[in-house]
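Peer 1: Residue numbers (full-length UniProt numbering): 1 to 181.
1) Excluding sequence positions up to five away, which residues of its chain have a Cβ less than 8 Å from the Cβ of residue 49?
2) CB residue 109 to CB residue 121, shorter than 9 Å?
3) Do three or more CB pairs link the region 52-64 to the region 13-30 at distances below 8 Å?
4) Tell me where the alpha helix (DSSP H) around residue 53 begins and ends.
5) Restricting to Cα atoms, I'd like to know which of 105, 87, 36 is closest to residue 93.
6) Would you decide whether residue 164 is buried or exposed? Buried here means 16 or more other CB atoms lie within 10 Å of its CB.
7) Roughly how far, in whole angstroms, is the beta-carbon of residue 32 from the beta-carbon of residue 91, given that I think they are within contact range, below 8 Å?
8) CB-CB under 8 Å to residue 61, same chain, minus the five flanking residues each way: which ones, in chain order?
9) Starting from residue 75, follow its DSSP beta bridges and name the residues at the other end.
10) With distances taken from CA atoms, which of 172, 95, 117, 76 is nearest residue 179?
11) For the alpha helix (DSSP H) that contains residue 107, what are its first and last residues?
12) Please report the straight-line C-alpha distance between residue 63 and residue 99, rounded to a whole angstrom.
13) So who's on the other strand from residue 61, going by DSSP bridges?
14) Between the C-alpha atoms of residue 51 and residue 115, what's the straight-line distance to the nearest angstrom?
15) Can you confirm whether residue 109, when its beta carbon is compared against all beta carbons of chain D, has any partner nearer than 9 Å?
16) Tell me residue 92's beta-bridge partners as DSSP assigns them.
17) Tell me which residues share the same chain as residue 65 and place their Cβ nearer than 8 Å to its Cβ, disregarding the 5 neighbours each side in the sequence.
18) With distances taken from CA atoms, which of 5, 119, 95 is nearest residue 29?
19) Looking at the structure shown, is residue 82 part of a helix, part of a strand, or coil, going by DSSP?
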C-alpha cells in the first residue's frame with residue numbers, strides 16, 4: 001500500500017511521508033522494557049497456543065490474565081508473572097549510529113540535490129548534521145494507557161444439540177499457561 005501510494009505522491013522528507021500515511025507517527029525514542037522487567041520476571045512456560053495477555057496492578061502486586069481467542073474470557077494465572085511491579089520507568093535505548101557513514105549520506109544528498117525541492121534539501125542536510133544528538137525527554141507511555149476491567153466468563157448456552165455444543169466447547173477451550181518459579 002505504501003509503495004502504491006508513493007507511486008502517485010511525492011515524499012521527499014519524513015514529514016511528507018507522515019502526511020501521506022495519515023495514521024503514522026514518528027517514533028523518536030524506544031524504551032528498553034525488557035531490561036526494565038527482567039529482574040522481576042518469573043518464567044512462563046507451557047503456553048499451548050498464541051495468547052492475549054493482560055496485566056493489572058493491584059496494590060503493588062501484578063495480576064496476570066490470559067486468553068486464547070479475542071471472544072474468550074480472561075483467565076487469571078495461578079502464580080505471578082512478575083515478582084513485583086518494577087520501580088521507575090525503563091531507560092531509553094541509546095541510538096547506535098556507528099554503522100551509518102554520515103559522509104556518504106551527505107554525498108548522496110548532494111548528488112540528488114537538483115531532484116529535491118530546495119527546502120527539502122536543506123532539511124536533509126540539517127537532519128544528518130543533527131543525527132548524533134540524543135535527547136532523553138520522552139515520557140514512558142505505560143501509565144497513560146487506558147485500564148480495562150476483568151471480564152467474567154460467558155455462560156454456556158443451554159439446550160444445544162451435541163454437535164453444536166462440541167463446536168462451542170472446542171472454540172472456547174482455554175489455553176494453558178504455567179509459571180516456573
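We treat Cβ as the ideally placed atom computed from N, Cα and C, and that holds for glycine.
Peer 2: The short version:
1) As a first step, residue 49 is located in the chain shown; it is residue number 49 there, counting from the start. Shown here for residue 49: same chain residues with a beta carbon closer than 8 Å to its own, the five before and five after excluded, namely 68, 175 in chain order.
2) Here residue 109 corresponds to residue number 109 of the chain shown, with the count starting at 1. Here residue 121 corresponds to residue number 121 of the chain shown, with the count starting at 1. The Cβ-Cβ distance between residue 109 and residue 121 falls below 9 Å.
3) The region 52-64 makes no contact with the region 13-30: fewer than 3 CB pairs, one atom from each, lie closer than 8 Å.
4) Taking the first residue of the chain shown as 1, we reach residue 53 at position 53. Element bounds for residue 53: not the alpha helix (DSSP H) but the beta strand (DSSP E), 52-58.
5) Position 93 of the chain shown holds residue 93. Scanning 105, 87, 36 for the CA closest to the CA of residue 93 turns up 36.
6) For this step, residue 164 is matched to residue 164 along the chain shown. Under the 10 Å beta carbon count, residue 164 is surrounded by fewer than 16 other beta carbons and is classified as exposed.
7) On the chain shown, position 32 is the one that residue 32 refers to. On the chain shown, position 91 is the one that residue 91 refers to. Right, the Cβ-Cβ distance comes to about 5 Å (below 8 Å), so this counts as a contact.
8) Here the question's residue 61 lines up with position 61 in the chain shown. Only 80, 84, 85 meet the Cβ criterion.
9) Sequence index remark: in the chain shown, residue 75 carries index 75 (1-based). In the DSSP assignment, the residues bridged to residue 75 are 66.
10) By one-based count along the chain shown, residue 179 stands at place 179. Among 172, 95, 117, 76, the Cα nearest to that of residue 179 is on 76.
11) Reading the chain shown from its first residue, position 107 is the one you call residue 107. Residue 107 -> alpha helix (DSSP H) spans 102-111.
12) Residue 63 sits at position 63 when you count from the first residue of the chain shown. Residue 99 sits at position 99 when you count from the first residue of the chain shown. Cα to Cα, the separation comes out at about 42 Å.
13) Position 61 of the chain shown, counting from 1, holds the residue named residue 61. Beta-bridge pairing links residue 61 to 58.
14) By 1-based counting over the chain shown, the position of residue 51 is 51. By 1-based counting over the chain shown, the position of residue 115 is 115. The alpha-carbon separation between residue 51 and residue 115 amounts to approximately 49 Å.
15) Checking the listed chains, one finds no chain D in this structure; it contains a single protein chain.
16) One-based indexing of the chain shown puts residue 92 at position 92. Paired residues: 31.
17) By one-based count along the chain shown, residue 65 stands at place 65. In its chain, beyond the 5 residues on either side, 53, 54, 55, 56, 74, 75, 76, 77, 150 have a beta carbon closer than 8 Å to the beta carbon of residue 65.
18) One-based indexing of the chain shown puts residue 29 at position 29. The option with the nearest alpha carbon to residue 29 is 95.
19) By 1-based counting over the chain shown, the position of residue 82 is 82. Residue state for residue 82 is assigned as strand, using DSSP reduced to three classes.
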